[in-house]
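**Student:** Just so you know, the sequences run in chain order A and B. Just so it is clear: in the first sequence, position 71 is 71 by my numbering, and no numbers are missing. Just so it is clear: in the second sequence, position 167 is 167 by my numbering, and no numbers are missing. Positions of the beta carbon are idealized from the N, C-alpha and C atoms, including for glycine. From a predicted model like this one, the values you see are computed outputs, not experimental measurements.
Protein chains: 2
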Amino acid sequence: MARPRNGPLLTRDQIVVAALDLVDHYGLDALSMRKLANRLGVDPMSIYHHVPGKDTLLRALVEHVFDSMAQPALDGDWHQRVRSWATAYRAVADEHPNLVLRIVSDPAATAVAAARISDTLYAALEASGMSPNAVVASAGVLVDFVHGYCLSLTSAARQQELRQAFQAELDKQPPNKIKALRCLHSQAAASDYDGFHFGLDVILDGLDKLNTKNPHHTKDL
Amino acid sequence: MARPRNGPLLTRDQIVVAALDLVDHYGLDALSMRKLANRLGVDPMSIYHHVPGKDTLLRALVEHVFDSMAQPALDGDWHQRVRSWATAYRAVADEHPNLVLRIVSDPAATAVAAARISDTLYAALEASGMSPNAVVASAGVLVDFVHGYCLSLTSAARQQELRQAFQAELDKQPPNKIKALRCLHSQAAASDYDGFHFGLDVILDGLDKLNTKNPHHTKDL
DNA sequence: ACCTGAACACCGTTCAAGT
DNA sequence: ACCTGAACACCGTTCAAGT
Numbered sequence: 001m002a003r004p005r006n007g008p009l010l011t012r013d014q015i016v017v018a019a020l021d022l023v024d025h026y027g028l029d030a031l032s033m034r035k036l037a038n039r040l041g042v043d044p045m046s047i048y049h050h051v052p053g054k055d056t057l058l059r060a061l062v063e064h065v066f067d068s069m070a071q072p073a074l075d076g077d078w079h080q081r082v083r084s085w086a087t088a089y090r091a092v093a094d095e096h097p098n099l100v101l102r103i104v105s106d107p108a109a110t111a112v113a114a115a116r117i118s119d120t121l122y123a124a125l126e127a128s129g130m131s132p133n134a135v136v137a138s139a140g141v142l143v144d145f146v147h148g149y150c151l152s153l154t155s156a157a158r159q160q161e162l163r164q165a166f167q168a169e170l171d172k173q174p175p176n177k178i179k180a181l182r183c184l185h186s187q188a189a190a191s192d193y194d195g196f197h198f199g200l201d202v203i204l205d206g207l208d209k210l211n212t213k214n215p216h217h218t219k220d221l
Numbered sequence: 001m002a003r004p005r006n007g008p009l010l011t012r013d014q015i016v017v018a019a020l021d022l023v024d025h026y027g028l029d030a031l032s033m034r035k036l037a038n039r040l041g042v043d044p045m046s047i048y049h050h051v052p053g054k055d056t057l058l059r060a061l062v063e064h065v066f067d068s069m070a071q072p073a074l075d076g077d078w079h080q081r082v083r084s085w086a087t088a089y090r091a092v093a094d095e096h097p098n099l100v101l102r103i104v105s106d107p108a109a110t111a112v113a114a115a116r117i118s119d120t121l122y123a124a125l126e127a128s129g130m131s132p133n134a135v136v137a138s139a140g141v142l143v144d145f146v147h148g149y150c151l152s153l154t155s156a157a158r159q160q161e162l163r164q165a166f167q168a169e170l171d172k173q174p175p176n177k178i179k180a181l182r183c184l185h186s187q188a189a190a191s192d193y194d195g196f197h198f199g200l201d202v203i204l205d206g207l208d209k210l211n212t213k214n215p216h217h218t219k220d221l
């Protein structure tokens, strides 16, 4: 309760936690330096003594959520290890859906965050016997898929809106062209099927095929 | 030169084209209703007589760029047709990198835009002999990968910044943990290798395997 | 019907001033 | 060293008024 006599009123960590709370509860657009200061009971400008600006603050948010990411399991075959990595990555997105857009769109933040946790992904891929070049290329495919999937998850939170837009678009199309689209639509609306593991399986199978076709390949990607 | 006596000073199409031009040249953040009006030589509020607000305007931009998307080829086997679809989609992102973030993050816009062009993707997947459920799931994987890849392309435009952040992060890591990361780093910096086709090949191979393992499967996704 | 300008409720950030 | 308040240069949008 009693605040320490000497310590600063504000710490960088308090700022980051409060900002993340704001984003998680009210969305990325609801985070403004002024609202954040208000929530911290402080003058807007006080924040600038601990963080250089809003952009740095957002970067710090991304770092913060990746710091709390679960360490992927290190046992099992390489398929399982890759799945474990992807699942841990996805969990971060699930816990902070309002931050996903920033996670996937800020290259610096992503690079820094990814560096902390992607050793396990590279190690898992190396365990498959791929060449270093293939490891890098494969990691790229996996990261891109996971990013795209996390984005689609975020959109799913606004699925009602999406469904309406989709329905309106469907109604404008000639009926003979949209059988498959209606299928997607009803699928997306009704099913609780999770495309995440399906996608991982497809990619892992594809990497298997690449390995058998081309064992110890080094430069013919 | 002479403007028609009766027509309105402003049309929705002029607004969309000018806004896209602003985004393409100066970035998404540089698009403000006020700057747009200025560029059109008009009062900021005049725009609101043709477009209800900024959000609708951004949605219209996405629709506009997808309207100009190349129609994917309809010949060839289903692998080629999927590649053709993905390439056409990617081309849109290449031509409007500053809009990619909006494209992948606005579910309504994406749904509407995708409906216009994804018949070809579904048709291609159906030609592989998959069940309708598998077609939908496979399309999801492909869309997610393409979205993730397009985002990484956008980031690549700011690769210099990314590389610096990455280097800084590398220098902080213990040297024994980062061999693979350094590999990625130098690869990303030096190579002109395109992960796009590699990713498509991996996914298509994975879908092949799924088809042979499980011909005419219907519900065991 | 279309366009305008003033006004409102916001932003991020700089700067000089306080303790 | 840390915090504050006024100020600057912006936003998107409402509203009443013009033609």
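How should Gly206 of chain B be labelled, buried or exposed, when 16 other C-beta atoms within 10 angstroms of its C-beta is the threshold for buried?
**Tutor:** buried
**Student:** Are the C-beta of Phe145 of chain B and some C-beta of chain A separated by less than 7 angstroms?
**Tutor:** Taking Cβ atoms only, chain A reaches closer than 7 angstroms to Phe145 of chain B, which makes this a yes.
**Student:** Just by C-beta distance, which residues in the stretch 124 to 144 of chain B are closer than 8 angstroms to chain A?
**Tutor:** Glu126, Pro132, Asn133, Val135, Val136, Ala137, Ser138, Ala139, Gly140, Val141, Val143 and Asp144: these are the residues of the stretch 124 to 144 of chain B whose beta carbon lies less than 8 angstroms from some beta carbon of chain A, given in chain order.
**Student:** So is Ser68 of chain B in contact with chain A if we call contact Cβ pairs under 7 angstroms?
**Tutor:** By this cut-off, Ser68 of chain B is not an interface position.
**Student:** Assign His79 of chain B to one of three DSSP states: helix, strand, or coil.
**Tutor:** His79 of chain B: helix per DSSP, three-state reduction.
**Student:** Please report how far the alpha carbon of Pro4 of chain B lies from the alpha carbon of Pro44 of chain B, in whole angstroms.
**Tutor:** Its pLDDT being 43, under 50, Pro4 of chain B is placed unreliably in this model, and the value from its coordinates should be taken loosely. Distance between the alpha carbons of Pro4 of chain B and Pro44 of chain B is about 22 angstroms.
**Student:** I need the straight-line Cα distance from Glu126 of chain B to Asn38 of chain B, nearest angstrom please.
**Tutor:** 49 angstroms
**Student:** Does Met69 of chain B come out as helix, strand or coil in the three-state DSSP assignment?
**Tutor:** coil
**Student:** Taking only the alpha-carbon atoms, compute the straight-line gap between Leu149 of chain A and Gly148 of chain B and give it to the nearest angstrom.
**Tutor:** Checking the sequence, you will find Tyr at residue 149 of chain A rather than Leu. Roughly 8 angstroms between the two C-alpha positions.
**Student:** Take the Cβ of Asp13 of chain B as the centre, count every other Cβ of all protein chains shown within 10 Å, and call the residue buried at 16 or more, exposed below.
**Tutor:** exposed
**Student:** Are there 16 or more other CB atoms within 10 angstroms of the CB of Gly195 of chain A, so buried, or fewer, so exposed?
**Tutor:** Residue burial is scored here from C-beta neighbours: Gly195 of chain A has at least 16 other C-beta atoms within 10 angstroms and is therefore classed as buried.
**Student:** To the nearest angstrom, how far is it from the Cα of Val136 of chain B to the Cα of Val92 of chain B?
**Tutor:** Straight-line measurement puts the Cα of Val92 of chain B at about 23 angstroms from the Cα of Val136 of chain B.
**Student:** The alpha helix (DSSP H) spanning Gly206 of chain A covers which residue range?
**Tutor:** Gly195 to Lys213
**Student:** Could you compute how far the alpha carbon of Arg83 of chain A sits from the alpha carbon of Arg90 of chain A?
**Tutor:** 10 angstroms
**Student:** Where does Ser118 of chain B land, buried or exposed, given buried means 16+ other C-beta within 10 angstroms?
**Tutor:** buried
**Student:** Name the chain A residues that come within less than 7 angstroms of Val202 of chain B, Cβ to Cβ?
**Tutor:** Val141, Ile203, Gly206, Leu207 and Leu210
**Student:** Hey, how far is the Cα of Lys122 of chain A from the Cα of Pro97 of chain A?
**Tutor:** Looking at the sequence itself, residue 122 of chain A is Tyr, so the reference to Lys does not match. In a straight line, the C-alpha of Tyr122 of chain A is about 26 angstroms away from that of Pro97 of chain A.
**Student:** Would you list, in chain order, the members of the stretch 30 to 60 of chain A that have their beta-carbon closer than 8 angstroms to a beta-carbon of chain B?
**Tutor:** The residues in question: there are none.
**Student:** Just the C-alpha distance for Asp94 of chain B and Leu142 of chain B, rounded to the nearest angstrom, thanks.
**Tutor:** 18 angstroms
**Student:** For Trp85 of chain A, which option in A:Asp29, A:Leu31, A:Tyr48 and A:Phe145 has the closest C-alpha, if you only look at C-alpha atoms?
**Tutor:** Ranking the options by Cα distance to Trp85 of chain A, first place goes to A:Phe145.
**Student:** By DSSP, does Asp43 of chain B sit in helix, in strand, or in coil?
**Tutor:** Note: Asp43 of chain B maps to coil in three-state DSSP.
**Student:** Could one say the Cβ of Leu101 of chain B lies closer than 7 angstroms to chain A's Cβ atoms, at least one of them?
**Tutor:** yes
**Student:** Could you have a look at Ser32 of chain A and say whether DSSP puts it in helix, strand or coil?
**Tutor:** It is coil, neither helix nor strand.
**Student:** By DSSP, does Leu74 of chain B sit in helix, in strand, or in coil?
**Tutor:** coil
**Student:** Please check the pair Leu36 of chain A and Ala19 of chain A, which I expect to be a contact at CB under 8 angstroms, by giving their CB distance rounded to whole angstroms.
**Tutor:** 6 angstroms
**Student:** Under 6 angstroms: does the beta carbon of Val92 of chain A sit that close to some heavy atom of the ligand MG?
**Tutor:** Only the bare structure without any ligand can be found here, which leaves the ligand MG out of the picture.
**Student:** With C-beta atoms as the reference, is Val23 of chain B less than 7 angstroms away from Leu99 of chain B?
**Tutor:** yes
**Student:** Give the straight-line distance between the Cα atoms of His79 of chain A and Ala124 of chain A, rounded to the nearest whole angstrom.
**Tutor:** His79 of chain A and Ala124 of chain A: Cα-Cα distance of roughly 8 angstroms.
**Student:** Mind checking if Gly148 of chain A is an interface residue toward chain B, Cβ cutoff 7 angstroms exclusive?
**Tutor:** Nearest CB-CB separation between Gly148 of chain A and chain B: below the 7 angstroms threshold.
**Student:** Looking only at C-alpha atoms, which of A:Arg34, A:Asp55 and A:Thr154 sits nearest to Ser105 of chain B?
**Tutor:** A:Thr154
**Student:** On a CA-only basis, which of B:Arg102, B:Ser32, B:Ala134 and B:Leu31 is nearest Val65 of chain B? Give me that one, please.
**Tutor:** B:Arg102
**Student:** Going by beta carbon distance, what residues of the same chain come within less than 7 angstroms of Leu31 of chain A, once the five residues before and after it are set aside?
**Tutor:** Ala19, Leu22 and Val23.
**Student:** Step through the CB atoms of chain A and report whether any lies within less than 7 angstroms of the CB of Pro107 of chain B.
**Tutor:** yes
**Student:** Is DSSP giving Gly27 of chain A helix, strand or coil here?
**Tutor:** coil
**Student:** With a threshold of 16 other CB atoms inside 10 Å of the CB of Leu58 of chain B, please say whether the residue is buried or exposed.
**Tutor:** buried
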